[in-house]
Amino acid sequence: MFILTLIPIVMVISYSVMDNVIVNKSPEFVGFDNYIEVLTDRVFYTAVGNTLFFTGVSVVAHLVLGLSFAMLLNTRLLGTMTKALFRVVYILPWLFTVAIIAVLWRLMLSPNGIVNYLLISGGLIDTGVEWLSSRDTALPAVTFINIWAGYPFYMISLLAGLQGIPRDLYEAATVDGANSFKQFLNVTLPQLKPIIIAMAMLDVIWTTQQFALIWMTTGGGPINVTEMLSTYTYKLAFSRYEFSVASASAVIILLFSMVLSFFYVRHQKSRD
Amino acid sequence: MMLVAGCSGSADDATTDTTSGDEDVTLEFAQWWEPELPDGSLRGLMDEFEAANPGITVELLSGPYASTKEQVVAGSAAGTMSDVVGLDGAWVSDFAKQGSLADLSTLMSDAGYDESQLASQIQIDGSTYMIPVVNFVYPMFTNSDLLTQAGVAAPPTNRTEFAAAAEAISALDETTAGWVLPLSLEAPNGIQNDVMSWVWSSGGSMLKDGQPDLTNDDVTSAVEYIKGLWDAGVVAPGALTMKEQDKVEEFTNGRVGMMIDSLAHINLIRENNPDLNFGISALPAEDGFEGERGIPYASWGIGVAENSEHQAEAWKLVDFLMSEKTNAELSSVAFAFPGNTTAVPDFVEEDELFKTAFDIYQSGFPANEFTGLPVAEQLMRLFDEQFQLMLEGDQSVDEMLAKTQEAWLAEF
Amino acid sequence: MRTTKQKKLLAQKIGIIFPLLLGALFAGFPVFWMLVSSFKSNSEIFEYPPRIITENFSFDAYATILGDPVKVRFFINSYVVSLSVTMLTLIVAILAAYAFSRYEFRFKNPLNMIIVSVQAVPPITLLIPYFGLMVTLRLYNTYWALILTYMVFTLPYAIIMMTGYFNTLPKELDEAVKLDGGNAITALWRVLVPISIPGIVSIGIYTFMIAWNEYLFALTLTRTEDMRTVPIGIQLLMGQHSYEWNEMMAMSILGCIPVLLLFLFFQRYFIGGLTGGSVKG
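Chains as they are written, first to last, in our numbering: chain A, 1 to 272; chain B, 1001 to 1412; chain C, 2001 to 2281.
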């Protein structure tokens, strides 16, 4: 398993220091040329900026929504059946493959789609908005779709985490006179912290890599307002056949996440 | 790393899992055509081929169109490319340069093939790497009812008429637009079919001696013209991320008056909206243009893998698909025009619209300058990005073309 | 006194139900729209103004899919692959997470870091190396190619999350087992695993979903129709010139129903966990 993971990565790293592999039958070692090419490309920085926005907003929203929904669904005020029903509805976005999510939202957000129709009927807007095709709304729209598609993951994990919190902790807090908000702050959050941190870190990594969703909704456009590191890398590899440069871009992304995981591991260590 | 080093020697013999006997050969034929065609029709042709060529079996490997390219690239990198592959004109140059495709000129001369029956061949550096099996031409579709409502008597034939018709249709009501222009960057072929077609239809060219020549008068006037249509607000909303498939749905639902589109869609439109009253005509040209009009087209092309161990058999399959009878049959089911000059598909005789299309096709010439260009899709995408900036008013037409020209030159 | 208490309870209930309904609208409406669209004809999907029920309301799209043995096979393949990935991932992850959570060993930190960061390589660039590797190992176009590849994606997550769950459980629990004469394995299977069932189920569901919905590798690592999975089946409906919108919608609705049932079945463990979690620390 381990080998299966490492070999392809080693291959990617070796590609990244060679002269155009795959296309070129006998690639030569070129050192860091490919890295320089990536790092001097202005589009790369646009992609970094968009990825930061996309990832930052997505991860925070995932966490907030996931946690709120998990708390709501964990209530003791509602019957088992009601909760079961809501749970099923809440995990729905998770059950679909990215391709269909992209198609569905393209349909709903199209200028003549249901979203515009509802907003116009509700008097919220006057004319249809080109959600995915306008420079001002495309990035937020794509981010919204990603939030929709991703929060159930947090919700499920946090719901599971909530079950693991010993009830006597709450009882003790109640005895101390803590209200529900204080209980949340002093019991729930600290207890869920390991799960939240692990999830947030993974989510950051995954969201930076989200490719299919963006590719299939906007293709990185209009112009390049939704260009992400993932679409940028894809275009290098499969549109320009610059596999070496694409690999270099991949390695740069890898280094970013190494830094992130370094902090995660240090955090793990410090809590021991 | 040890594992890679130890096993890399055996990678070669894993290429094709054909039975190793002398007579029995299994050909893999990777394409995206099977799902596009009526169920079983491509398999039926393959059965005919197998019956005519005992000892050869054909295994059809079908994938989605949007991912065929990735599969061919990966297959070519690992040496597992299928013996016969379906190709798009936009990929040929890249695959040929990677050495993934066999030189068909050699195969043809080895087999003593008569090339004159082929309508076209896609050549890179003088050798053929792809043969278009069937061609989908892109005429102009017009919604007859909308034209009538807008007081336009006949489909426009030149740019001035087109602009006037588009404005009249857009003025009908809020949800109706004169023209539809798909510019999605995911599949940037709108640049080829819906933008450059304006250049070709007036006999213009975007190339000069095989090099990009985007700043010439033909391209400039076409781009300026489209910018004019855009500013006049006659283009359907959502253009910047619209795909070809969306374009057709807009037209089918009667929300756009005119579109440039593949003939392959005629049946789809009829099926989805039997009440839609529409016609097809040649693409409008520059006012006063009298020459032959270029008609954009897209092909289902075919090529043979360089790593195939059965190139001679693979050629037999290509030969079979290009033969007069098979080619006519395939064209008929695909609603495309044949790659064999003598083949005549059934629908031309039976259907009024297709007959019109065939006349348009024969009175003009098929034009697609992207076919065979290096990184053709990337070229369209580069053009598209600058084009979108220009439409949004961030740069002038001249700036846009100069920048794109520069970007294209870097890729050549 | 009593009525005010009841009133308060009612107010609390409304305070919960209202946001729940709002959230359900957010979560469910797009899926509802998908369901509605699957009953429409292709052109009705694009109608403006959009309608919920149209003249051509029909189950045709479903009939087409279920009547096609090739498409049914896609579903079977998806189940085989997803279930195998889920089982294998869970077993490996539980063992690995136990080690990470309870033991100190050499290279623990570097190992941990590698597990986390390998996920960060964009899968698209791994495609070609993986493809070559699977061909070399002669696993190309087999279930194993997909199962092993998906495990590479799911294991890191599963290990990290499992470690997280185990970390929330007090170490005294397993020490108690050891005091009673049990060894580490007993502590794991008899005590930690039963308590962590909600976590395991949620990781299991997650793993299943990853394997169920993956497209890129499924496409590249398989070759013939009898090995293709549902996401490819859906993509096959997106043609070069047109999409089979209603069939795509129907296929994904059909795909999600068994998963929903699975979830309905397993979700009692979330509630079961309520009592399990209250073990004295």
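Don't be surprised by glycine CBs; every beta carbon is placed ideally from N, CA and C.
Whether residue i touches residue j by CB criterion (8 Å)
| i | j | result |
| --- | --- | --- |
| ARG240 (chain A) | GLN1378 (chain B) | yes |
| GLY1086 (chain B) | GLN1031 (chain B) | yes |
| VAL1248 (chain B) | LEU1268 (chain B) | yes |
| VAL1137 (chain B) | PHE1337 (chain B) | yes |
| PHE54 (chain A) | LEU109 (chain A) | no |
| ALA1168 (chain B) | GLY1151 (chain B) | yes |
| GLU1292 (chain B) | GLY1364 (chain B) | yes |
| LEU1317 (chain B) | LEU1330 (chain B) | no |
| VAL212 (chain A) | TYR2215 (chain C) | The amino acid occupying residue 212 (chain A) in the given sequence is Ala; Val does not appear at that position. Yes, these two residues count as a Cβ contact at 8 Å. |
| ALA1102 (chain B) | GLU1309 (chain B) | no |
| GLN2267 (chain C) | ALA84 (chain A) | yes |
| LEU6 (chain A) | ILE2016 (chain C) | no |
| ILE114 (chain A) | TRP2033 (chain C) | yes |
Short CB-CB distance (under 8 Å) between residue i and chain C
| i | result |
| --- | --- |
| VAL276 (chain A) | Coverage of chain A is limited to positions 1 through 272, which leaves residue 276 (chain A) absent and any answer about it impossible. |
| LEU107 (chain A) | yes |
| ALA1171 (chain B) | no |
| SER244 (chain A) | no |
| PRO190 (chain A) | no |
| SER32 (chain A) | One detail in the question is off: residue 32 (chain A) reads as Phe in this sequence, not Ser. Output row for PHE32 (chain A): interface = no. |
Contact set for residue i: own chain, Cβ-Cβ below 6 Å, skip 5 residues either direction
| i | result |
| --- | --- |
| GLU1406 (chain B) | none |
| VAL2038 (chain C) | With the sequence shown as reference, residue 2038 (chain C) is identified as Ser, and Val is not the correct amino acid for it. So the list reads ALA2061, ASN2246, MET2249, ALA2250 and ILE2253, once near-sequence residues are dropped. |
| TRP1198 (chain B) | ALA1222 |
| THR1341 (chain B) | GLN1117 and ALA1119 |
| GLU1324 (chain B) | ASN1340, THR1342 and ALA1343 |
| GLU2244 (chain C) | LEU2237 |
| VAL1256 (chain B) | ALA1177, VAL1180, ALA1236 and GLU1250 |
Chain B contact for residue i (CB, 8 Å cutoff)
| i | result |
| --- | --- |
| LEU118 (chain A) | no |
| SER2041 (chain C) | yes |
| ASN186 (chain A) | no |
| PHE2032 (chain C) | no |
| ASN224 (chain A) | yes |
| ASN112 (chain A) | yes |
| ARG2073 (chain C) | no |
Reduced DSSP secondary structure (H/G/I, E/B, other) of residue i
| i | result |
| --- | --- |
| SER2037 (chain C) | helix |
| MET1242 (chain B) | coil |
| GLY1021 (chain B) | With a pLDDT of 45 at GLY1021 (chain B), under the threshold of 50, the predicted position of this residue should be treated as unreliable, though the coordinate-derived value follows. GLY1021 (chain B): coil per DSSP, three-state reduction. |
| TRP1032 (chain B) | coil |
| VAL224 (chain A) | Reading the sequence as shown, one finds Asn at residue 224 (chain A) and not Val. Coil at ASN224 (chain A), not helix or strand. |
| GLU242 (chain A) | coil |
| ILE1413 (chain B) | Here chain B comprises residues numbered 1001 to 1412, so residue 1413 (chain B) is not present and cannot be evaluated. |
| GLN1477 (chain B) | Because chain B here runs from 1001 to 1412, residue 1477 (chain B) falls outside it and cannot be looked at. |
| ASN2213 (chain C) | helix |
Chain-order list of residues whose beta-carbon lies under 7 Å from that of residue i (same chain, five-residue window excluded)
| i | result |
| --- | --- |
| PHE1335 (chain B) | LEU1263, ALA1264, ILE1266, ASN1267 and PHE1347 |
| VAL251 (chain A) | VAL12, ILE13 and SER16 |
Chain A contact for residue i (CB, 8 Å cutoff)
| i | result |
| --- | --- |
| SER1332 (chain B) | no |
| VAL951 (chain B) | Lying outside 1001 to 1412, the shown extent of chain B, residue 951 (chain B) is not represented and no answer is given. |
| TRP1408 (chain B) | no |
| ASP1103 (chain B) | no |
| THR1241 (chain B) | yes |
Closer than 7 Å: residue i CB and nearest the ligand ADP heavy atom
| i | result |
| --- | --- |
| ASP1173 (chain B) | The ligand content of the structure shown is nil, which means the ligand ADP is not present either. |
Same chain only: Cβ atoms within 8 Å of residue i, ignoring 5 sequence neighbours per side
| i | result |
| --- | --- |
| TRP1408 (chain B) | PRO1212, LEU1214, LEU1379, LEU1382 and PHE1383 |
| TYR2143 (chain C) | ASN2077, VAL2080, VAL2081, SER2084 and MET2227 |
| VAL59 (chain A) | ALA200, ASP203, VAL204 and THR207 |
| PHE2074 (chain C) | ARG2228, THR2229, VAL2230, ILE2232 and GLY2233 |
| LEU1172 (chain B) | LEU1146, GLN1149 and ALA1150 |
Under 7 Å by beta carbon: chain F residues contacting residue i
| i | result |
| --- | --- |
| GLY1063 (chain B) | Chain labels in this structure do not include chain F; the protein chains are A, B and C. |
Next item on the list: May I ask you to list, following chain order, the residues of the region 1204-1216 of chain B that have a beta carbon less than 8 Å from some beta carbon of chain C?
Entry: none
Check: Relative to chain A, which residues along the region 2143-2154 of chain C have a C-beta separation below 7 Å, given in chain order?
Finding: LEU2148, MET2151 and VAL2152
Check: Name the residues in the region 1106-1129 of chain B whose C-beta lies less than 7 Å from a C-beta of chain A; which are they?
Finding: none
Next item on the list: Residues of the region 127-156 of chain A with a CB closer than 8 Å to any CB of chain B: list them in chain order, please.
Entry: THR127, GLY128, GLU130, LEU132, SER133, SER134, ARG135 and ALA138
Checklist line | the region 1153-1166 of chain B: positions lying closer than 8 Å to chain A by Cβ | finding: none
Checklist line | Members of the region 1023-1045 of chain B near chain C, C-beta cut-off 7 Å | finding: TRP1032, PRO1035 and GLU1036
Checklist line | Contact residues within the region 1079-1101 of chain B, judged by C-beta distance below 9 Å to chain A | finding: ASP1094, LYS1097, GLN1098 and GLY1099
Notebook entry, point to check: According to a CB-to-CB cut-off of less than 7 Å, which residues of the region 1365-1379 of chain B neighbour chain A?
Noted result: VAL1375, GLU1377 and GLN1378
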